[in-house]
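Participant: One structure coming up, written as structure tokens, with questions to follow.
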Amino acid sequence: MEHFPYRDGQLYAEGVAVSEIAAAHGTPCYVYSRAALEEAFSQYQRALADCDHLICYAVKANSNLAVLDVLARLGAGFDIVSAGELERVIAAGGDPAKVVFSGVGKTPAEMARALQLGIHCFNLESAAELEVLDRVAGEMGAIAPISVRVNPDVDARTHPYISTGLRENKFGVEADEALRVYQRAAALDNVEVVGLDCHIGSQLTEVSPFLDALRRLLTLVDSLEESGIYIRHLDLGGGLGVRYGEEAPPSVADYIGALRRELGGRKLKLLFEPGRSIAANAGLLLTRVAYLKTTPQHNFALVDAAMNDMLRPALYQAWMDIQPVDRRGGGESAHWDIVGPVCETGDFLGKNRELSLAQG
1 MEHFPYRDGQ LYAEGVAVSE IAAAHGTPCY VYSRAALEEA FSQYQRALAD CDHLICYAVK
61 ANSNLAVLDV LARLGAGFDI VSAGELERVI AAGGDPAKVV FSGVGKTPAE MARALQLGIH
121 CFNLESAAEL EVLDRVAGEM GAIAPISVRV NPDVDARTHP YISTGLRENK FGVEADEALR
181 VYQRAAALDN VEVVGLDCHI GSQLTEVSPF LDALRRLLTL VDSLEESGIY IRHLDLGGGL
241 GVRYGEEAPP SVADYIGALR RELGGRKLKL LFEPGRSIAA NAGLLLTRVA YLKTTPQHNF
301 ALVDAAMNDM LRPALYQAWM DIQPVDRRGG GESAHWDIVG PVCETGDFLG KNRELSLAQG
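Position 338 of the sequence shown, counting from 1, maps to 338 under this note's numbering, and the rest follow consecutively.
Okay, structure coming up:
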């Protein structure tokens with residue numbers, strides 16, 4: 001997190017001391033770096049500069065309006081999964097023509113709103129959803145641009161809660177059913193086939209699962225063409241991981257480069273839906289130690305942030321880096337469980353962390 005350096009023992013967010021932010025705004029609060037967001041997005045832009053593409057930031061990663069505003073100003077598209085996310089994109093100045101609508105539970109009202117705004121594409125997740133979208137579009141006198149999200153049955157080798165490309169996952173249409181769904185879509189009056197979509201999971205730290213999924217998609221592209229169905233874009237989703245501790249994910253350039261080499265000379269517009277790899281290391285949660293509590297079993301640092309502010313440790317048992325705002329003049333270090341005020345034993349931000357802490 002290069003945009004959050006220490007200077008003379010104090011943590012900074014770009015050029016601002018984090019302690020000054022805490023004094024001005026209180027805690028807990030989130031602090032984001034515009035420079036970090038811009039640099040992360042530009043890595044995708046550089047890797048795709050010489051081909052037709054659309055980078056759709058996954059709003060689920062961080063839907064803060066200021067974050068969305070930064071990305072909209074950079075020309076980003078957006079990947080959404082609800083009408084609420086769509087409205088946030090519009091409020092932040094995003095272009096609806098650069099929005100792709102994913103998610104397994106789109107309602108007719110959400111479909112209608114997206115059609116009204118003229119989004120780029122619906123990523124359909126089931127044959128049943130296709131029929132509903134065709135009906136909604138017909139009632140509006142509209143044509144809905146669609147791609148089918150294909151579940152390629154590829155193991156993303158990530159946490160099971162964020163693996164989305166296996167047969168047992170709820171996402172997408174199985175590869176052996178996808179051709180029939182596309183053929184049905186081609187026969188309907190109120191939808192237009194424009195693309196093919198896939199997303200296999202989040203926090204992937206290897207390229208090989210992405211390549212496995214792409215090869216299966218390209219087999220389907222060939223089958224579609226044999227049936228007279230030609231797609232204009234290939235949406236390869238997101239999922240590239242970041243470093244929280246000892247992980248070593250590929251760079252954006254290496255990840256995109258490997259996929260483009262596998263594509264060969266195919267002339268398809270490429271869509272990507274990065275979220276974590278843009279937002280995860282562009283911010284921090286600032287919290288204050290309310291009380292220090294020692295028992296024979298544990299040392300507890302009771303802070304004013306909680307699982308509702310940072311859910312990943314409680315939900316995924318995820319490891320998040322925890323650092324002091326001020327490293328100067330600290331006392332002796334000890335091992336602490338960093339816990340919040342929510343009445344749940346699962347309300348923790350980190351366990352057994354060696355830190356030098358002071359109350360207040």
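Backbone N, C-alpha and C define an ideal beta-carbon position, used for all residues, glycine too. Only a predicted model underlies this, so the values are computations on that prediction, with no experimental measurement involved.
Decide if Gly283 is buried, meaning its Cβ has at least 16 other Cβ atoms within 10 Å, or exposed.
Facilitator: The residue you call residue 283 lines up with position 283 of the sequence shown. With 16 or more Cβ atoms within 10 Å of its Cβ, Gly283 is classed as buried.
Participant: On a Cα-Cα basis, can you pick out the residue from Ser102, Val67, Leu270 and Pro108 that is closest to Val89?
Facilitator: Translated into the one-based positions of the sequence shown, residue 89 becomes position 89. Among Ser102, Val67, Leu270 and Pro108, the Cα nearest to that of Val89 is on Val67.
Participant: Short check: CB of Leu361 to CB of Ala137, under 8 Å?
Facilitator: Residue 361 cannot be examined here, being either before or after the span of the chain that is shown, 1 to 360.
Participant: Which same chain residues, not among the five before or five after Gln359, have their C-beta less than 7 Å away from its C-beta?
Facilitator: Your numbering for residue 359 matches position 359 in the sequence shown. The answer, listed in chain order, is Val289, Tyr291 and Leu292.
Participant: Buried or exposed: which applies to Asn151, given that a residue is buried once 16 or more other Cβ atoms fall within 10 Å of its Cβ?
Facilitator: Counting from one through the sequence shown, the residue named residue 151 turns up at place 151. Taking every protein chain shown into account, the CB of Asn151 has 16 or more other CB atoms within 10 angstroms, so this residue is buried.
Participant: Distance check for Asp79 and Ala97, CA to CA, integer angstroms please.
Facilitator: Sequence index remark: in the sequence shown, residue 97 carries index 97 (1-based). Sequence index remark: in the sequence shown, residue 79 carries index 79 (1-based). Cα to Cα, Ala97 sits roughly 11 Å from Asp79.
Participant: Taking the beta carbon of Val391 as the centre, do at least 16 other beta carbons fall within 10 Å, making it buried, or is it exposed?
Facilitator: The chain is shown from 1 up to 360; residue 391 falls before or after that span and cannot be answered.
Participant: Which residue or residues does DSSP assign as beta-bridge partners of Asn123?
Facilitator: For the purposes of this step, residue 123 is taken as the residue at position 123 of the sequence shown. The partner list for Asn123 (beta bridge, DSSP) reads Ser147.
Participant: Buried or exposed: where does Glu225 fall if 16 or more other Cβ atoms within 10 Å of its Cβ makes it buried?
Facilitator: The residue labelled residue 225 in the question sits at position 225 within the sequence shown. By the neighbour-count rule (16 or more Cβ atoms within 10 Å), Glu225 is not buried but exposed.
Participant: Just the C-alpha distance for Phe300 and Phe348, rounded to the nearest angstrom, thanks.
Facilitator: Position 300 of the sequence shown, counted from the start, is the residue given in the question as residue 300. Position 348 of the sequence shown, counted from the start, is the residue given in the question as residue 348. Distance between the alpha carbons of Phe300 and Phe348 is about 10 Å.
Participant: Smallest Cα separation from Asp185: which of Ile278, Val132 and Ser251?
Facilitator: Here the question's residue 185 lines up with position 185 in the sequence shown. Before going on, a small fix: residue 185 reads as Ala here, not Asp. With distances taken between Cα atoms, Ala185 lies closest to Val132.
Participant: Whose C-alpha, out of Ala58, Ile338 and Asn123, is nearest the C-alpha of Ala306?
Facilitator: Residue numbering aside, residue 306 sits at position 306 when the sequence shown is read from its first letter. Checked all of Ala58, Ile338 and Asn123; the closest Cα to Ala306 is Ile338.
Participant: Answer with buried or exposed for Leu65, where buried requires no fewer than 16 other C-beta atoms within 10 angstroms of its C-beta.
Facilitator: Position 65 of the sequence shown, counting from 1, holds the residue named residue 65. Flag for Leu65 reads exposed.
Participant: In chain order, what residues of the same chain lie with their CB nearer than 7 Å to the CB of Arg327, ignoring the 5 residues before and after it?
Facilitator: The count along the sequence shown starts at 1 and reaches residue 327 at position 327. The residues are Tyr6 and Gly9.
Participant: For Tyr32 and Ala279, what's the separation of their Cα atoms in angstroms?
Facilitator: Start at 1 with the first residue of the sequence shown, and residue 32 comes out as number 32. Start at 1 with the first residue of the sequence shown, and residue 279 comes out as number 279. Cα to Cα, Tyr32 sits roughly 9 Å from Ala279.
Participant: By the DSSP assignment, the beta strand (DSSP E) with Phe300 in it spans what residues?
Facilitator: The residue labelled residue 300 in the question sits at position 300 within the sequence shown. Per DSSP, Phe300 belongs to the beta strand (DSSP E) from Asn299 to Val303.
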